[in-house]
Amino acid sequence: MMLASRGGNVLLRKSARSAFRRSSPVRNFSSIGNKIGIRIPEKAVSNMDQIVQQVLSLPVRHSGDEVVTIGLPNTDQSTFEGVSNAIAKWNVDKKVVLTAQFGYRNIGGEGDAVYAGDIPIEENGRLVGIYNISEEHLNTVLEKCYDLNQNENVDVVILLHNPEVQLQDAENVEEKVLSLKSSFNALEHASSASHIKSYGISSNGLCLSPKHPLHLSIDLVLDTVAALTNSHGEPLKSSALSDIQLPINLLERNGLQVAEKVENICKQSDIFDIGIISCRPLTCYPDGGVGSGFPFKLIDYNILTNMIGETQWTHKIPECPAHYAPSLNAAMGHFDAEELVEIEQDGDRKLTTEEIETLEGCRLLQSMLADLDLSLHTMRSFEAYENDLSTKVIPMIHDTFEELDEESAKVLQTFFAAHGAAARHAIAKTTRAQLISGGSGVTPYDIPKEVKLQEYALLNVLKDERISKVMVGCSQPQHVLEAYSSIDA
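Its first residue numbered 0, the sequence shown is counted upward by one per residue in numbering that gives the first Met the number 0.
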């Protein structure tokens, strides 16, 4: 099924098509600021109104048209309605480019619809979502884009999200081309019919080794698009493929090789004018993005430095936060069960069943506290730390003690607050040390001691002339301000 044209079948001129024009080399902070876009994560859709308000209230840092870029995590009707209402509510005179990732859908609501080619996504044997970039599924979304794209202040750019997922079971290159061709063809026609401004790809697979099962070849992508025809069956004179979004940050650098290849192809072709978008500039995955496990952040944290509420940034704290050791010692002392140990050692009487259980529980808790203390030396990911707390530590405490008295609960609460600060400090310190020392494929970085990791990491990708736009994930309005303050620092 192809979309009927509502604006004629004339392909957009190259000068009007590209969502993010590649500009002259970056020379100053104002042009760097124009390269920042704000991406709203899936978990933050409920905060969309406040985030959009914050984005639209920022001063624009370049001359000419006022343009801001907002990245959406999905193409659900509720997401489109939410961002449309927010733009109508808060926007005055800014141009808004909306990039919307298409491919994954959640279970429930729109995710319950069934389309040919649906691929179930499972985690630990549990169905958590559906993946599908087929033309049938895509056209249902493109119809929804029309009203949003007709707003004179809004341009919609659809990004096929990880198309390698759809291709991984293809037996040969021909099958992969056929699978991609129908989706690209629908997107080209949607652009010519003004349902969307343009389209692109958001892919981790483009950065993976050809030996990886989820590798996606940029040559395969561009060759497939170049072979398309317009609605009259004629070869494309120019493609609406405007953007390639890749994970590029201080530790994941393969995307820059893809960027160079795309740039060279664009120089030799009249069909393409493609910009490179860096996503996840502050979030890395192990082993250069190809490893498994929890991600880690290229950030410093503003943490508690004492129990009266004073805070400081981790890069300004040379050693572990001062209040951590007293909190650990207080917790270890509180759960030493000294009286029960003395009774057990003296042998004057036998411990009751309840006393034995209490003593064993205290010893187990002390062992857990000691393990948490030791873990600070090897910690790299705060997400992994939070996962351990929720899946191991907290359940163990609940299983060990039916109920904690008020004093014991307060002691543990104080310890975990201090340990959380110590964990953030240790993670930031370890990350900085790795970046400075380099090794294992990582180029050493000369990071000034007075500069926050996030400021350095953001400016690194913003200054790279191969990158057209840097999308920073922001789940709260204040994160938007922090992203832009990194430029001003």
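For every residue, glycine included, the Cβ atom is placed at its ideal position computed from N, Cα and C.
Residues of its chain near residue i, where Cβ-Cβ distance is below 8 Å and the 5 sequence neighbours each way are ignored
i	result
P212	Q167
L158	T98, A99, Q100, F101, Y198, G199, I200, S201, D242 and Q244
Q365	M331, F334 and D335
A425	C319, L375, H376 and M378
T78	V44, M47, L71, P72 and A99
Q149	S193
Top-ranked residue by Cα proximity to residue i, from the options
i	options	result
I446	L240, V479, H314 and P246	H314
F381	V224, K428 and S474	K428
A456	D299, Q344, H397 and Q311	D299
I106	G81, I302, P476 and N73	N73
L521	E353, F415 and H397	With the chain covering 0 to 488 only, the question about residue 521 has no answer from this structure.
V51	I486, L71 and K468	L71
Q475	G360, T377, E41 and A169	E41
V155	E354, A192, H136 and E170	A192
A420	V441, E309, L364 and D218	E309
Q412	I393, A226 and P317	I393
M395	F293, L368 and R379	L368
L250	L480, Q53 and S436	S436
E262	A425, D218, P285 and T228	D218
S558	L147, Q149, V220 and N152	Outside the displayed span of the chain (0 to 488) sits residue 558, for which this structure offers no information.
G81	R431, L147, A189 and E402	L147
A189	S83, V127 and E142	E142
E354	Q365, P285 and F400	F400
Y103	D75, Q49, D347 and N46	D75
E135	L227, A115, A329 and C278	A115
N203	R362, S277, P58 and A383	S277
V164	G128, K448, N248 and Q433	G128
Residues near residue i by beta carbon distance below 6 Å, same chain, minus five either side
i	result
A3	In this prediction, A3 has a pLDDT of 35, which is less than 50 and means its spatial position is unreliable; nothing more can be read from the coordinates.
R38	G70, M470 and G472
Q311	T304
A169	K175
I118	Y130
Residue i to residue j span [Cα, whole Å]
i	j	result
L375	V44	33 Å
A258	E406	58 Å
G232	E454	49 Å
L339	H160	60 Å
L458	T357	54 Å
D222	E385	44 Å
I264	D272	9 Å
H478	S484	10 Å
S268	K236	10 Å
L215	A417	44 Å
S14	E173	Low confidence applies to S14: its pLDDT is 36, below 50, so where it sits in the model is not reliable, and the reading given next is rough at best. So the alpha carbons of these two residues sit roughly 33 Å apart.
K391	I486	39 Å
I195	L179	18 Å
T352	E359	11 Å
F295	D387	15 Å
T442	L255	14 Å
A324	I316	15 Å
T282	F293	10 Å
I86	K93	10 Å
I270	R125	43 Å
S83	L363	54 Å
L55	K260	34 Å
G346	E337	14 Å
Q344	D398	27 Å
S208	L227	27 Å
Residues of its chain near residue i, where Cβ-Cβ distance is below 7 Å and the 5 sequence neighbours each way are ignored
i	result
A321	T304 and N305
H333	S407 and V410
V224	F183, S238 and L240
E481	none
Q49	P476
Pair within 8 Å by beta-carbon distance, residue i and residue j
i	j	result
I35	V471	yes
V113	V95	no
C206	P234	no
I302	I466	no
N90	N152	yes
I120	P162	no
L452	R431	yes
P285	V460	no
N248	L297	yes
Just list the alpha helix (DSSP H) runs in the segment 156–217, keeping only unbroken ones of 4 residues or longer that don't cross its boundaries, in chain order.
Those alpha helix (DSSP H) runs which fall completely within the segment 156–217 and span 4+ residues are 163–166 and 172–191.
Which runs of the alpha helix (DSSP H), 4 residues or longer, sit entirely within the segment 329–354?
With a minimum length of 4 residues, the continuous alpha helix (DSSP H) runs that stay inside the segment 329–354 are 337–345.
Would you list, in sequence order, the uninterrupted beta strand (DSSP E) runs of no fewer than 3 residues that lie entirely inside the segment 374–400?
With a minimum length of 3 residues, there is no unbroken run of beta strand (DSSP E) contained wholly in the segment 374–400.
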